[in-house]
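Below is one structure, written out as structure tokens; comments come after it.
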Amino acid sequence: MILFLTEMWERFSYYGMRALLVLYLTQHFLFGPKEAQGIYAAYAALVYLMPVVGGMIADKYLGSRKAVIIGAVLLVAGHFMMAFEGTGGRENLTIGATTYELQVEGRDQNRSIFAVNGDERTQITISPEGITRVGAAPAAAAATDAASPAASATEGFPAFTATDGYKLETVRDLGFGEPVLFFALSLIIVGVGFLKANISTVVGALYEENDPRRDGGFTIFYVGINLGSVLATAACSYLGIKYGWAYGFGLAGIGMLLGLLTFILGQSWLEGRGGPPHPEMLKTRKVFGVPFEAVFWIGGLVTVFPVWLLMQRHHLIETALPWLAGVIFASVVGYVVFKLRGAERSRMLVALTLIFFSVLFWALFEQAGSSLTLFADQSTSMPSWFNAPMTQMFNPGIIVIGGPIIAALWVWLGKRNMEPSTPVKFSFALVLVGAGFLLLTWAAATQANVDFRVPLLFLFLTYFLHTMGELCLSPVGLSMITKLSVDRVVGLMMGVWFLSSSVAHIAAGFIAQATSTDTVAGVVTSPELALQTYGSIFGTIGWTGVVVGVVLLVLSPLLKKGMAGIH
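Structure, rendered in structure tokens:
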């Protein structure tokens, strides 16, 4: 229960912030969609890479419990720092000799753009053809081939200006807002590195190797993750969009603080599980006069600074991280091949194979935080009381309801020797996530309204299919790591499991960037082109998921044999 509550509040903070992040980048800091999705991909990739290091440190020195506490403290600091907005980006529009500042009212789908110059404030719309003053005569607005601004019936902002008749310049908030943003994200990245893999390891330590309750236990733990997610997505999205970004991010910080307090106060309930491998060494050993345990607290803070520098150069992360991840993965494979024998080796090889296939699943599934959020904002019709970040509530909400049902189903099938093997469950996951995107592709082609928006129902159904796939893979994947891994490296293997998500987020970033179209002041300029682009890319990745899932299903008997008695 303590782990359930701790992870619930930690996920409350993480997913509450994630629901807002891409829109915060595009609307407040005025990053283009491609740039924003690149930043998100780099951030998410590092979030899932850091547990590789955190798992190793916990296995060898700290133990899982102490690592979780260090991570939680860093997370509290990072989430609260996200509430410091700065001034944000500014978009300047120059027409002839006059420069206007573009200001946007609202954060939901009904955003309005105003061109401001002194006391003059004019509402405008922007399309691929040019800029139109709201209320201008249709004839003026139709002058799309004009090389210069069309004549206005009144003095002030012109009725219509063709694309080649104006200039846009984005002024970045480089002095305060962006540095604070990237520092906050860096604190969260390092904090998750200490916490994420290790709290899962503590859950695994509560069960014996072939305990039939293990899969169910991890699924219940996973429900805790998603209960926090659904509460956070609803609350943080509402506050962030309705009242301001700082309110949404501040609430996420409060959630993480509650998670930290829950874990600290509930230590006795864990009955010593997840303690340091050599407790006396932490108490007596010193490094340059500093207590050994304090070295890791200091090291965590110091690590934040290089991560901060990297986050401001996300293109470097996108280039280097796949190579680094490949080296780490190859090193683990080498360890398995040359250091292990018999059932230990075959089980570990199966685990690594399934991790490899999971990369594609996560690359598709993790469009939720980037391209699917922007799809909700740009190309989905929704009621006025709902907003784009709230669509991320679909996934955890379905898990909270369906997770216990799926857990009970696996138990029921297991008692009758009918439960699918882990490789088969992984193949189901890939087919389902691919099918979700194919449904959205069909909806984009046939169900869009005159504003080039599809009904919210289809996005919900896409999330439903994705979530069913997630329930086939993710909780079972966590359980698979603890079942198939050698005890002495289970923390490292849990880190490698999250490493697959790290690589997948880089791939997800490239996919999401391919869906990007032009925006001005965070508002898409061509809804028609945006919908067409989403439909094309989603169709390609949808078929990829389905085909690879079928291939894995064909390979599953061979993988099941390699599991050597582990189901």
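Take the sequence shown: its letters are residues 111 to 677, numbered as in my numbering. For every residue, glycine included, the Cβ atom is placed at its ideal position computed from N, Cα and C.
For Lys-593, the enclosing alpha helix (DSSP H) has its first and last residue at 566 to 594. Listed in chain order, the non-local C-beta contacts of Phe-194 below 6 Å within the same chain comprise Val-290, local neighbours out to five positions each way being set aside. As DSSP reads the structure, Gly-240 sits in a beta bridge with Ser-237, Ala-272. Exclusion of the five residues before and after Ala-187 leaves Leu-297 as the residues of its chain whose Cβ lies within less than 6 Å of its Cβ. Looking at the backbone, the Cα of Phe-471 and that of Phe-190 are separated by about 32 Å.
Between Leu-540 and Leu-639, the CB-CB gap reaches or exceeds 8 Å. Leu-550 is not bridged by DSSP to any residue. In the DSSP assignment, Val-226 falls within the unbroken beta strand (DSSP E) covering 222 to 227. In the three-state DSSP reduction, Val-534 falls in the helix class (H, G or I). For Met-590, the closest alpha carbon among the candidates Phe-536, Phe-406, Gly-619, Asn-559 is that of Phe-536.
Contact check for Leu-575 and Leu-549: beta-carbon distance about 7 Å, within the 8 Å limit, so the pair qualifies. Taken through DSSP and simplified to helix, strand or coil, Gln-623 comes out as helix. It is roughly 9 Å from the alpha-carbon of Val-244 to the alpha-carbon of Phe-270. For Thr-197, the three-state secondary structure derived from DSSP is coil.
It is roughly 10 Å from the alpha-carbon of Thr-280 to the alpha-carbon of Gly-142. Taking the C-beta atoms as reference points, Leu-464 is found no nearer than 8 Å to Pro-530.
The residues Ala-129, Leu-130, Ser-347, in chain order, have a CB closer than 6 Å to that of Pro-499 in the same chain once the five nearest residues on each side in sequence are set aside. Taking C-alpha positions only, Ser-481 is separated from Ser-666 by approximately 31 Å.
With respect to the 8 Å criterion, Gly-605 and Met-192 are not classified as neighbours on the basis of their beta carbons. For the pair Ser-123 and Gly-507, the CB atoms are not nearer than the 8 Å cut-off. For the pair Leu-474 and Gly-240, the CB atoms are not nearer than the 8 Å cut-off.
Met-603 counts as buried, since no fewer than 16 other beta carbons sit within 10 angstroms of its beta carbon. The continuous beta strand (DSSP E) containing Leu-278 extends over residues 277 to 281. The Cβ atoms of Gly-126 and Asn-336 lie no closer than 8 Å to each other. In this structure, the beta-carbon distance from Val-613 to Ala-435 falls below 8 Å. For the options Trp-355, Ala-545, Arg-231, Ser-595, the alpha carbon positioned closest to that of Thr-577 is the one of Ala-545. About 37 Å separates the Cβ atoms of Ala-225 and His-615, ruling out a contact at the 8 Å cut-off.
The Cβ-Cβ distance between Thr-483 and Val-132 falls below 8 Å. If you look at Glu-428, you'll find it in the alpha helix (DSSP H) that goes 424 to 449. Each residue's CA atom was taken as its position, placing Ser-174 and Val-600 some 11 Å apart.
The residue among Ser-610, Asp-487, Met-492 with its C-alpha nearest the C-alpha of Tyr-644 is Asp-487. Bounds of the beta strand (DSSP E) holding Tyr-210 are 208 to 215. Considering only Arg-121, Phe-570, Ile-516, the residue with the shortest C-alpha distance to Met-366 is Arg-121. A straight-line Cα-Cα distance of about 20 Å links Leu-450 and Phe-466.
In the DSSP annotation of this structure, the continuous segment of the alpha helix (DSSP H) that includes Gln-642 starts and ends at 637 to 672. Taking each of Glu-288, Asn-559, Tyr-276 in turn and checking the Cα distance to Thr-136, the smallest one comes out for Glu-288.
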